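Protein chains in written order, with the numbering used here: chain A, 89 to 552; chain B, 160 to 625.
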């Protein structure tokens, strides 16, 4: 008997994705957990594994298709029927009965994937634009909402809401497909729409937590009408990638809600650089020590010394949330856009370990083979543009973090040592912080601490 | 009539075409406070629907119904003499119906202070157009926004010209006389409706359809309810049969018909070509405005019915299938609201389809055929009308009501009805779909007794095992 293979819940807040590659075709034998297709979600590219060992009988999606969590993507014959029933597909067993017309309707709501294990991470702590829990809908624009077109294409799962409710949602700028209906058959009521708006607004304005299923929606940052650019010459359009859309949303949110200050400083890394070069002479490629790896350790120690830099602001409860862990995000430039994988417990790892982890994670990120969970939970971020150049820049804090360190290119400079100018290698550092949480003096102290630790690494042991 | 021969130099919103899409958009936009100019060659609004489609065909179908019922009533003890049909009076009555409705629309144009320009419009740029009447240029105007609703026309077979003997739906509705024999080419809804009319008026009607069934796209069980009756009323229904040649001769039309067994020649007094409709998107100057049409001649539009040129909307038949007046109404509402700056989008959950034959066939939402094609699991309940009290009291036994739901959520996915009055019954299904009703909602709704609508309730009850 053919068994449906559905898109499992891949991460909190992710409700759909785009099929970017299909690894099997009808008739192929597959092993359990073998990758069937790859899907690009808001957060990452995830591989969808086969829930069973057996044969794929039908592929129901094509590359480029948008699929929702829980949608049927393929049909297959498990090699052993019994074994397949207990296999890990979150809701494959829901469809055990073949002849539905003989079946009584089920009472249980259909949203089985909700029960699937999901990362415990609160999406709000996701450090990066790419990890913002955007539920995937198009921004509501008066000219092209395209909600209906999508559903026509899949022939499945139109939002169960009356026309009056759909209009209300449109008027409020709410994507009805993100609203959780509480009525029979998941029907969406006016209250459901209003609850969605209330919870979203609370969250945007620093209110209380929002159920994971809703999440932040883009489009809050209204744009004025664009002029007709064709008046001045030819133009062409390209659709925004997911990463770009989410980055735009997260950056607008941070820029418009956080009063930010950028503090510049510079560190003499002549000694450090000599050590690093010397170390790398004998190091294997995967162990190569980068300046960013060293900065991870230094920042982790600094965050322990200045815990307010490792906090988040909770305006709704009038609290500052201090994190007892130090997870540092590192901005990685990928062909698909900026992604920020997170190094866990940077304070409890040696620089060698951090270097190995960072090299591996950066590699995976560039290939977009990291899981969404790898980009969640950061408490501070480092953005190192030194490899490209520049003397200073103002990074933007990744809400709900409160600080980010920007690194520019180190250069030789004459430094006065009290009696003469000496050529020293000097690295410019730019710290942007949330001024609601951190005072200017603390910002200066924090960055000075980092500079001093880079100049005299003994400080790490002395102070850290 | 708010007809003006002077063409305004400027218009806020210009509506091109005054069929259901056009006049509805014009009325709605005027209600929303826009300054509206409506351009159409006819004296009063109406378009194909009122002048050459829905309304005249329904008038004639009513005549057919009277004829058929009076003949059938002998079985229940009421015997009439065979009717004498005064074709001229039937035609005049049909035209009176059209006159009343279009005249009423003309009054509304005046009441709503819409500027009515008689003529045909041709775009000359993204914000300019020319109006002509009878081939003469009448004037030019500029507009801020436009809603194009120029409708569609019947397709003729290639190489065939319409004549007295070879007609399209327009010619058939004109009802010049009742031919002794009529061949209907195309087994879609238009051919079957008009074939029914002529059969009742006394013509020997044959239908030829290229595919293997009547009403392509409709579920077969519904079609079979209709076909059982048409088989009795029509001379013949030839499926999987092609028209290889049509030749007009003295005293008839010689038609070469080809099926698997071979070809045969037959002669008919008249031939009705009803093989489909084509959108009227030529000679409109769309390219001058920067709008392209697709391979089938439709204008691509977004969810607000805006074309690529965002201040120009397209609604109705030119905006794509299904080419139905009520779809045009829905689109016209959205386009008019969007033009007035409201956040409207066209996202119906179901557009009902109705075939006004006897019995009528109507459906909305997902069909069983589509569910099968999509491999989608559904619950389907089919209730034959034989057990329905109202059906029997109407002297009928034919009819079926079908309700399709989602086995997991119980949501109503589609409703289909074949039987007398199916077109009226389907409205409940459309409302159910729009309101995201479940099968349980239908079961918990008290339906009046004794009515045909109880079949919807009974079908919904069949979805649950007792």
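Backbone N, C-alpha and C fix where the C-beta goes; we use that ideal spot for every residue, glycine too. Keep in mind it's a predicted model, so treat the numbers as computed, not measured.
Quick one: Cα of residue i to Cα of residue j, how far?
i                      : j                      : result
residue 351 of chain B : residue 516 of chain B : 7 Å
residue 541 of chain A : residue 482 of chain A : 22 Å
residue 507 of chain B : residue 314 of chain B : 28 Å
residue 578 of chain B : residue 223 of chain B : 16 Å
residue 393 of chain A : residue 461 of chain A : 27 Å
residue 358 of chain B : residue 562 of chain B : 32 Å
residue 139 of chain A : residue 325 of chain A : 40 Å
residue 590 of chain B : residue 607 of chain B : 17 Å
residue 628 of chain B : residue 328 of chain B : Outside the displayed range of chain B (160 to 625) lies residue 628 of chain B, so it cannot be described from this structure.
residue 167 of chain B : residue 208 of chain B : 28 Å
residue 313 of chain A : residue 502 of chain B : 15 Å
residue 122 of chain A : residue 270 of chain A : 36 Å
residue 445 of chain A : residue 525 of chain B : 52 Å
residue 420 of chain A : residue 304 of chain B : 47 Å
residue 98 of chain A  : residue 164 of chain A : 21 Å
residue 246 of chain A : residue 155 of chain A : 13 Å
residue 121 of chain B : residue 340 of chain B : In the structure as shown, chain B starts at 160 and stops at 625, and residue 121 of chain B therefore has no counterpart that could be examined.
residue 617 of chain B : residue 489 of chain A : 59 Å
residue 541 of chain B : residue 534 of chain B : 19 Å
residue 357 of chain A : residue 336 of chain A : 35 Å
residue 442 of chain B : residue 275 of chain B : 21 Å
residue 547 of chain B : residue 613 of chain B : 8 Å
residue 504 of chain B : residue 188 of chain B : 15 Å
residue 539 of chain B : residue 485 of chain B : 27 Å
residue 535 of chain A : residue 493 of chain A : 9 Å
residue 418 of chain A : residue 469 of chain A : 6 Å
residue 496 of chain A : residue 492 of chain B : 57 Å
residue 564 of chain B : residue 527 of chain B : 10 Å
residue 462 of chain B : residue 419 of chain B : 45 Å
residue 456 of chain A : residue 330 of chain A : 13 Å
residue 178 of chain B : residue 309 of chain B : 8 Å
residue 525 of chain A : residue 517 of chain A : 20 Å
Applying a beta-carbon distance threshold of less than 7 Å, which residues of chain B neighbour residue i?
i                      : result
residue 246 of chain A : 508
residue 254 of chain A : 506
Hey, could you find the ends of the beta strand (DSSP E) residue i is sitting in?
i                      : result
residue 341 of chain B : 340-344
residue 427 of chain A : 425-427
residue 539 of chain B : 538-543
residue 578 of chain B : 571-578
residue 364 of chain B : 363-367
residue 73 of chain A  : Residue 73 of chain A is absent from the structure shown; chain A starts at 89 and stops at 552.
residue 472 of chain A : 468-472
How should residue i be labelled, buried or exposed, when 16 other C-beta atoms within 10 angstroms of its C-beta is the threshold for buried?
i                      : result
residue 183 of chain B : buried
residue 546 of chain A : exposed
residue 605 of chain B : exposed
residue 264 of chain B : buried
residue 453 of chain B : exposed
residue 288 of chain A : buried
residue 259 of chain A : exposed
residue 368 of chain B : buried
residue 323 of chain A : exposed
residue 225 of chain B : exposed
residue 551 of chain B : exposed
residue 382 of chain B : buried
Anything in chain A within Cβ reach of residue i, meaning under 8 Å, just list it in chain order.
i                      : result
residue 380 of chain B : Residues of chain A passing the Cβ test: none, with the nearest at roughly 13 Å.
residue 474 of chain B : In chain order: nothing, as chain A lies at least about 15 Å away.
Closer than 7 Å by beta-carbon distance: list the chain A residues that pair up with residue i, in chain order.
i                      : result
residue 593 of chain B : 250, 251
residue 597 of chain B : 272, 273
I'd like the span of the alpha helix (DSSP H) that includes residue i, first residue to last.
i                      : result
residue 592 of chain B : 581-593
residue 403 of chain A : No alpha helix (DSSP H) contains residue 403 of chain A, which DSSP labels as neither H nor E.
residue 528 of chain A : 528-543
residue 182 of chain B : 179-190
residue 550 of chain B : 548-552
Using a C-beta to C-beta distance shorter than 9 Å, which residues of chain B count as neighbours of residue i?
i                      : result
residue 259 of chain A : 501, 502
Is the beta carbon of residue i within less than 8 Å of some heavy atom of the ligand NAP?
i                      : result
residue 111 of chain A : What this structure holds is no ligand at all, so the ligand NAP is not there to describe.
Exercise. In chain order, which alpha helix (DSSP H) runs of at least 4 residues are fully inside the segment 332-378 of chain A?
Worked result: 358-370
For this session: Any chance you could list the beta strand (DSSP E) runs of at least 3 consecutive residues sitting entirely within the segment 447-515 of chain B, in chain order?
Result: 471-473, 512-514
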